[in-house]
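A short write-up of the structure that comes next.
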Amino acid sequence: MTRSRVIVIIGIVIGSMANHSHTLRASDPLHVQIDALVSTHSEFKAPAAITDDASFLRRVTLDLAGTIPTANDVREFLADSAPDKRIKLVDHLLGSPQYARRMQYVFDTLLMERRPNKHVTAEQWQAYLRESFLQNKSWRQLSQELLSADGTDEQTRAAARFLLDRELNVDQVTRDIGRIFLGRDLECAQCHDHPAIDDYLQRHYYGLAAFIKRSYLVQDPKTKKTSIGEKAEGDVQFTSVFTSETDQTAPRMLDAPPIVDPPPGEPLYKVKPAKNVRSVPVYSRRLQLAKSLTDDANQAFRENIANRMWALMMGRGLVDPVDMWHAQNPPSHPKLLNLLADSLLEHDYDLRYLLRELALTDTYQRSSRQDTPDHAPSSSRPTDFSVALLKPLSPEQLALSMMRATGVAEQQLAVAISKQEKTDDPQLAVDPIWQEEALNKALASDTKAFVKIFGVEGVQNAAFDASADQALFLRNGALVQRWVTQKNGLSDRLNALDHHAVAEELYVSVFSRLPDADETSFVNEVLDATTDRKADLQQLVWAALVSTEFRFNH
Amino acid sequence: MRRNQDCNGIDHVIARRDFLWGSAAGAIGLGALTSPLNAAHLQQQQKRVLQIYLQGGVSQLESWDPKPGTQFGGPFQAIPTSVPGIHISELLPHTASRMHLLSLVRSINSKIGDHRQGMLFMEKGRRAGDYPYFGSVVSKYLAPTDAELPGYIHISKRGIVDSTAAFLGARHAQLKLLGDQAPANLASPKSIDEPADDARQRLRVQFDRRFSKQRSRALTDVYNSSFEQAEKLMKRKAMFEGDVGEQDLDRYGRHDFGRHCILARDLLENGATCVKVTHHGYDTHAENFNFHLEQLGEFDKTFSMLLDDIHDRGMLDSTLVIVYSEMGRTPKINTKYGRDHWGTAWSVAMGGCGIQPAAVIGKTNDEGTEVVEREVDGGHLFHTYLSALGLDSTMDHDISGKSIPIGDPAAAPIEELLA
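One line per chain: the protein sequences are A and B, in this order.
Here the first sequence is numbered in the numbering used here, starting from 1 and rising by one per residue.
Here the second sequence is numbered in the numbering used here, starting from 1 and rising by one per residue.
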C-alpha cells in the first residue's frame, strides 16, 4: 500500500468522527487518534480516571522492561515534577536493553510457545531475538528471516528455529503460520471446511500448506546438523472427510489469488536432489511465502501484529482470541484496528513506534479501578476499554519482579559488577547492556524454575488460569522462601528500620507505590502485635509477594 | 459452497438419549448454544472416572481379542469368562471372572503407530490439535465447584510433562502424582509452624481484599482458587503419605501398580472426579509373550481388586472405568518374538457408569489383521465415554469467543454400547 492510500484511510477515519467533539487531523499523533476512536465506541460511557504516577510507572515498566521498577525508580518518578515525565519514561524504557529482553521473552513465547529445543538451542534463538529488538528490526524483516532462513548459514541459523524445531511438519507449520502471522486458527479446516466458522475453508489451509509442502529437513552426515532443503515440484491435494470431495490448490494467502509457479526453466535446480544432498530449486515456494506473507497486499499480516501488540498492552485484543479472526468474531473497533495496521505499514512495521504510541494513549493509562457501576465488565459485549484490564504477569515477569522486590536481583548485580571490576576489562561493568546481560544470566536458572511451573507449552490460553501446583510452589516451595529470607534482602532491610518506616519501604519495594493511611496502620498493627519481629516481617513480605496485587499488572 | 454438511446434522443439535438439552433442539447452528450441558445437575450426581492406561500399547491378542491356534495367535489360550460366549486371553483370569461388569470394543482402527500421537488421539478424541484431554473435560464438567480434590489426577511413575487442559484452563489440567508420592511442595517450609502459616495466609487474604475491592473479580478469583486448591491438598496430606494397610497390599500386590491403584481407589472415594493410573511397560518389540505374561499378571489381579472395591462400595454405577492404550500390537510376530506398533485393529475395555455391561462391539478377522465389523477410532471412543457420563459430546465448549465442538464432529458415540 502506498503512503497516499494510507492518508486516504486516515481521512475516512476522520470523516466518520465529524460529529464527535474532537477535531482530528491526520497530523495528530497516533495516540491521539487512538483515544478518539476508542471514545466513539458505542459502549464507551464513563471512562476511569487516568491512573496515578506510581501505577503508571509499574504498569509500563512491566510491559516494556519486563519487571517491576526498583524502589529508587518509584521514589524518583514520584518526586519528578516535569509535566512530560511519562513520555520521558516511555522513551527511556524503549531505549533500554531491558526492552530488548522483554521483547525477547514476548516473541519467544509467541513464536515457539515454550516448545522444547530440538535443532537450535534456546540460547542461540533468544540471542537472535534480543539482538533483533536491540536493533529495532522491523516485524516484516523479522518475519521474512524466520521463514526464509534454511539453517545452513551460521549467521542466520537461529532464525530457522521457527521451522526447524517444528521439524518442518507441514500441518504444524501451516497451522502456526495461520495463527501466529495471520490471526487465523485454520486447524479445523485441515480435514474439512470449518464446521462452525464460515470463513475458514479447507483451501485456505492447503493454500498455506502449499508454500512449504516442497520443503523438507535434511541432516548433514558429517556435522549432523539439520537444515532445510526444497524440491522444485509437488502440489497439494486435499479431500474433505465430510464430503469426500477432492480438490487442489496452488499456494495462496487466504482469499488472495493463487500464486502460480513461474514457467519451469532449465535447469529446475540450483542444487539437484541426491543422496545426502540438500536440494535447492531455482524457484522456491518457501521464499515466496516470506515474500507473499509480508507483502503490502496482505492486510491480515499487519492486522494480526497490530492486534497482538494491542492485546499485549491493553490485556485484550480488538479481535479476541487473537487467533480467531473471522466474520462471526469481528474486531470490536474495526476502524481503530485499521488505523493501527496502516500506521504500522506507514512506519515500516516498527513495533517500537507502535508500542510507544500505545503507551502514550489515555486508553493505556486509565486506572484499573472500577469506580462506577458503568465500569463493571459485561460478558455480553467486548470490552470498551474504559477501564484498564488486569494482566497476569508472565512467568518471567513474575520471577524477575519477585527477585527485584526482595533485593535478590540487586545483590546479584552487585556481585557480577564487583567480579567484572577485578578483570582486565573493568570498564565493561558500567555498560548498561553488559549489566543487563550479567543480571539476566545470574537470574536465569531461578527464572526457568518459574517458567516450568507457570509456563504452558502449546497455545497460549486467552483466559488466565492458575493451578494448585502453582500455589503450592509459591506457598511452600524453597525458591520463594529463599528470596523472602535472603540475607540483607528486603525483610532484613525492613527489620533494620524504625517501626514507622516499615510500611512505606514494604509498599514501595513490593507494590511500587506508597501505602495509604489504612495500609500503614495495618502494617503497624502487625508490628505492634509481634513477638518475633524478623519472622513476622518475612511473613508480611511473603504475603505481599503472592498477593493478587503483585500477581497482576494492573 | 459445501459446508456444515455433517456438522449441521440434526444430531449435533438435538440432545442425545436422556440428555437435558431438549429445549435447545430448536436452536440451529453450533454457536447458538452457550453451554454444552447442565453442569450443575451433572455435578450433583457425583459421577467419576477411573482410567487405567497400559502405556506402550498392550497386545490385543494377549488380552481382549485372543486368536489361539491361528497364524499370529501366539502361545496363549483363550478362556471363557463370566459372560457366556466372551473369551479373553488366559493371561487375564481374574478379569475374566468379572467380565459381566465390563465390555469390550474390538474394532479400533486408529491408523496411528506412534506412541505419542496415538496417546494424544486416545486422550483428545482428535488426531491433532490443542484439545483438552478427556480427564480435563471431565474435570471441567463433572467436578463439583466445591470439590475437595483437583478434578483430574494422574498417577504415574514417570513420563513427560503434558499440557492436558488446552483452552479449559489450568484448573482442569492434570495434577500429576509421581507414583504414590505426595505432590511437590505439599508441606509448609520447615521454618514455618502451623500458627505462623495460618497467620501468613490471613495476611495474604487481607492484601487481596483491599486490591480486589474495586476490580474485576474474574481473574483474581481464579488466582485465589488456586490457593484454595493447594490448601485442600495440604489438608489431605495424610492421604498421600498414609500407611497402606497390609490387607490391601496383600490383595492388590506389593508393587508400584498395586500401590497406585490403592491410592486411586482412595482418591475416588474421597471426592476425586477423574483419576488416571498409568501402568508402564507394554512396548514389547522383543519377547512380547514373556513381557505380557509378567505385565498382565500384575495388571490382572490388581485391576480386579480395584474393580471389586469400586463395585462393593456401590460406586460402579457412577464410575466409568476405562482400560486403554495408545495403540495395539502387530499380529505378525517379529524375529525377536516381539510384536511391533499397530493402530489398525485393536481393543479397549470399559465398564461401569452408563456403559452397557457384557457387550462386545466390533470384530477383527480370523487372523486379527483387520477390522471386519463396526470400525471405530479414538474419536468414537471419546464421544462414547462422555455420553456414558451423561455429557452431550456433540455440543460445543464455549470458551471466550471460540465455539469448539467437544467431540470431533466427524465421529459419534458408539450408541449400542451405552446403557
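Every residue gets a Cβ at the ideal spot worked out from N, C-alpha and C, and that includes glycine.
Legend entry - Identity of the residue in B:Ala147, B:Gly125, B:Tyr131, B:Arg98 nearest Glu269 of chain B by Cα: Here residue 269 of chain B refers to the residue found at position 269 when the second sequence is read from its first residue. Residue B:Ala147 holds the alpha-carbon nearest to the alpha-carbon of Glu269 of chain B among B:Ala147, B:Gly125, B:Tyr131, B:Arg98.
Inset, instruction - Find out if the Cβ-Cβ distance for the pair Ile310 of chain B, Ser107 of chain B is shorter than 9 Å. - result: Within the second sequence, numbered from 1, the residue matching residue 310 of chain B stands at position 310. Within the second sequence, numbered from 1, the residue matching residue 107 of chain B stands at position 107. No. Outside cutoff.
Legend entry - Contacts of Pro97 of chain A in chain D (Cβ-Cβ under 7 Å): Looking at the structure shown, chain D is missing, and the protein chains on hand are A and B.
Inset, instruction - Return helix, strand or coil for Val60 of chain A, following the three-state DSSP convention. - result: As a working mapping, residue 60 of chain A is identified with position 60 in the first sequence. Helix at Val60 of chain A.
Legend entry - Beta-carbon contacts of Ser23 of chain B that lie in its chain and below 8 Å, excluding the five residues immediately before and after: Position 23 of the second sequence, counted from the start, is the residue given in the question as residue 23 of chain B. Reliability fails at Ser23 of chain B, whose pLDDT of 31 lies under 50, so the model's placement of it is uncertain and the value that follows must be treated cautiously. So the list is empty, once near-sequence residues are dropped.
Legend entry - For Gly29 of chain B, the three-state DSSP class (helix, strand or coil): By one-based count along the second sequence, residue 29 of chain B stands at place 29. Bear in mind that the predicted position of Gly29 of chain B carries a pLDDT of just 32, short of 50, making it unreliable; the figure below should be weighed with that in mind. In the structure shown, Gly29 of chain B sits in coil (DSSP, three-state: anything other than H, G, I, E or B).
Legend entry - Pairwise C-alpha distance: Asn329 of chain A and Leu33 of chain B: Counted from its first residue, the second sequence places residue 33 of chain B at position 33. Counted from its first residue, the first sequence places residue 329 of chain A at position 329. Confidence at Leu33 of chain B is low in this model, with a pLDDT of 35, below 50, so its placement is unreliable and the value that follows should be read with caution. Straight-line Cα distance between these residues: approximately 16 Å.
Legend entry - CB contact flag (Val236 of chain A, Thr249 of chain A, <9 Å): Stepping through the first sequence from its first residue, residue 236 of chain A is reached at position 236. Stepping through the first sequence from its first residue, residue 249 of chain A is reached at position 249. Less than 9 Å divides the Cβ of Val236 of chain A from the Cβ of Thr249 of chain A.
Legend entry - Complete runs of the beta strand (DSSP E) confined to the stretch 281-365 of chain B [at least 3 residues]: List check, beta strand (DSSP E) in window: 319-324, 346-352.
Inset, instruction - Consider the Cβ of Asp392 of chain B: report whether some Cβ of chain A lies at a distance smaller than 9 Å. - result: If you number the second sequence from 1, residue 392 of chain B lands on position 392. It does not: the Cβ of Asp392 of chain B has no partner Cβ on chain A nearer than 9 Å.
Legend entry - As assigned by DSSP and simplified to three states, the class of Gln370 of chain A: Position 370 of the first sequence, counted from the start, is the residue given in the question as residue 370 of chain A. In the three-state reduction of the DSSP assignment, Gln370 of chain A falls in the coil class.
Legend entry - Leu339 of chain A versus A:Ile34, A:Pro258, A:Pro331, residue with shortest Cα-Cα distance: Taking the first residue of the first sequence as 1, we reach residue 339 of chain A at position 339. Closest by C-alpha distance to Leu339 of chain A, out of A:Ile34, A:Pro258, A:Pro331, is A:Ile34.
Legend entry - Alpha-carbon to alpha-carbon, Ser244 of chain A and Phe238 of chain A: Reading the first sequence from its first residue, position 238 is the one you call residue 238 of chain A. Reading the first sequence from its first residue, position 244 is the one you call residue 244 of chain A. Cα atoms of Phe238 of chain A and Ser244 of chain A: separation of roughly 9 Å, rounded to the nearest angstrom.
Inset, instruction - Indicate whether at least one CB of chain B lies closer than 9 Å to the CB of Ser509 of chain A. - result: Position 509 of the first sequence, counted from the first residue, corresponds to residue 509 of chain A. So no, Ser509 of chain A is outside the interface.
Inset, instruction - Quick one: measure Cβ to Cβ for Pro251 of chain A and Ala189 of chain A, integer angstroms, because I've assumed they're closer than 8 Å. - result: Walking along the first sequence from the start, residue 251 of chain A turns up at place 251. Walking along the first sequence from the start, residue 189 of chain A turns up at place 189. At roughly 16 Å, the Cβ-Cβ gap does not stay under 8 Å, so Pro251 of chain A and Ala189 of chain A are not in contact.
Legend entry - Residue range of the alpha helix (DSSP H) that includes Lys272 of chain A: As a first step, residue 272 of chain A is located in the first sequence; it is residue number 272 there, counting from the start. Lys272 of chain A: not part of any alpha helix (DSSP H); DSSP gives it neither H nor E.
Inset, instruction - Flag this pair as yes or no: are the beta carbons of Val408 of chain A and Gly477 of chain A separated by less than 9 Å? - result: Position 408 of the first sequence holds residue 408 of chain A. Position 477 of the first sequence holds residue 477 of chain A. In this structure, Gly477 of chain A does not lie closer than 9 Å to Val408 of chain A by Cβ.
Legend entry - Other residues of its chain near Arg3 of chain A: CB distance less than 7 Å, five sequence neighbours each side excluded: Counting from one through the first sequence, the residue named residue 3 of chain A turns up at place 3. Summary for Arg3 of chain A: the model assigns pLDDT 44, below 50, so the residue's position carries little reliability, and this model does not support an answer.
Legend entry - Spatial distance of Leu134 of chain A from Phe382 of chain B (CA atoms): Position 134 of the first sequence, counted from the start, is the residue given in the question as residue 134 of chain A. Position 382 of the second sequence, counted from the start, is the residue given in the question as residue 382 of chain B. One alpha carbon belongs to Leu134 of chain A, the other to Phe382 of chain B, and they sit about 48 Å apart.
Legend entry - Cβ pair Gln144 of chain A, Lys335 of chain A closer than 9 Å: By one-based count along the first sequence, residue 144 of chain A stands at place 144. By one-based count along the first sequence, residue 335 of chain A stands at place 335. Not in contact: Gln144 of chain A and Lys335 of chain A (Cβ atoms no closer than 9 Å).
Legend entry - Span separating the alpha-carbon of Arg48 of chain B from that of Thr273 of chain B: Here residue 48 of chain B refers to the residue found at position 48 of the second sequence. Here residue 273 of chain B refers to the residue found at position 273 of the second sequence. Straight-line Cα distance between these residues: approximately 5 Å.
Legend entry - Straight-line Cα distance separating Arg101 of chain A from Ser367 of chain A: In the first sequence, counting from the first residue as 1, residue 367 of chain A sits at position 367. In the first sequence, counting from the first residue as 1, residue 101 of chain A sits at position 101. Spanning the alpha carbons of Ser367 of chain A and Arg101 of chain A requires a straight line of approximately 27 Å.
Legend entry - Per-residue DSSP class, three states only, for Pro281 of chain A: Taking the first residue of the first sequence as position 1, residue 281 of chain A is located at position 281. DSSP places Pro281 of chain A in strand when its eight states are reduced to three.
Legend entry - Beta-carbon proximity check, Leu577 of chain A vs Met309 of chain A, cutoff 9 Å: Since the first and last residues shown for chain A are 1 and 554, residue 577 of chain A lies out of range.
Legend entry - Contacts of Ser212 of chain B in chain A (Cβ-Cβ under 7 Å): By 1-based counting over the second sequence, the position of residue 212 of chain B is 212. What Ser212 of chain B touches in chain A: Thr548.
Legend entry - Pro80 of chain B - partner residues in DSSP beta bridges: Translated into the one-based positions of the second sequence, residue 80 of chain B becomes position 80. Per DSSP, B:His87.
Inset, instruction - Taking Ala232 of chain A as the query, report the chain B residues whose CB atoms sit under 8 Å from its CB, ordered along the chain. - result: One-based indexing of the first sequence puts residue 232 of chain A at position 232. Correct list: empty, because the minimum Cβ distance to chain B is about 28 Å.
Inset, instruction - Please go through the same chain and pick out, in chain order, the residues whose beta-carbon is closer than 8 Å to the beta-carbon of Ala496 of chain A, but skip the five residues on each side of it. - result: The residue you call residue 496 of chain A lines up with position 496 of the first sequence. Hits under 8 Å: none found.
Legend entry - CB-CB length for Trp325 of chain A against Gly183 of chain A, believed under 8 Å: As a first step, residue 325 of chain A must be located in the first sequence, where it is residue number 325. As a first step, residue 183 of chain A must be located in the first sequence, where it is residue number 183. The pair is a contact, with the Cβ atoms about 4 Å apart (cut-off 8 Å).
Inset, instruction - With a 10 Å radius around its C-beta and 16 neighbouring C-beta atoms as the bar for buried, classify Pro413 of chain B as buried or exposed. - result: As a working mapping, residue 413 of chain B is identified with position 413 in the second sequence. When all chains shown are included, Pro413 of chain B counts as buried.
Inset, instruction - For Val319 of chain A, name the three-state secondary structure that DSSP assigns. - result: Indexing the first sequence from 1 puts residue 319 of chain A at position 319. The answer is coil: DSSP assigns Val319 of chain A none of H, G, I, E or B.
Legend entry - Sequence-distant residues of its chain with Cβ nearer than 7 Å to Met327 of chain B (five each side left out): As a position in the second sequence, residue 327 of chain B is number 327, starting the count at 1. Cβ neighbours of Met327 of chain B beyond the five flanking positions: Gly57, Ser110, Ile112, Gly113, Gly118, His341, Trp342, Gly343, Trp346.
Inset, instruction - Determine, using beta carbons only, whether Ile192 of chain B comes closer than 9 Å to chain A. - result: Taking the first residue of the second sequence as position 1, residue 192 of chain B is located at position 192. For Ile192 of chain B, the answer is yes, since a Cβ of chain A falls inside 9 Å of its Cβ.
Legend entry - Any 3 or more C-beta pairs closer than 8 Å across the stretch 112-121 of chain A and the stretch 148-166 of chain A: A contact exists between the stretch 112-121 of chain A and the stretch 148-166 of chain A.
Inset, instruction - Determine the burial state of Lys124 of chain B: buried for a count of at least 16 other Cβ atoms within 10 Å of its Cβ, exposed for fewer. - result: By 1-based counting over the second sequence, the position of residue 124 of chain B is 124. Residue environment: Lys124 of chain B is assigned as buried (16 or more neighbouring CB atoms within 10 Å of its CB, all protein chains considered).
Inset, instruction - Report, in whole angstroms, the separation of the C-beta atoms of Gln420 of chain A and Ala414 of chain A, which I expect to be a contact under 8 Å. - result: Counted from its first residue, the first sequence places residue 420 of chain A at position 420. Counted from its first residue, the first sequence places residue 414 of chain A at position 414. The beta-carbon separation of Gln420 of chain A and Ala414 of chain A, rounded to 11 Å, does not stay under the 8 Å limit for a contact.
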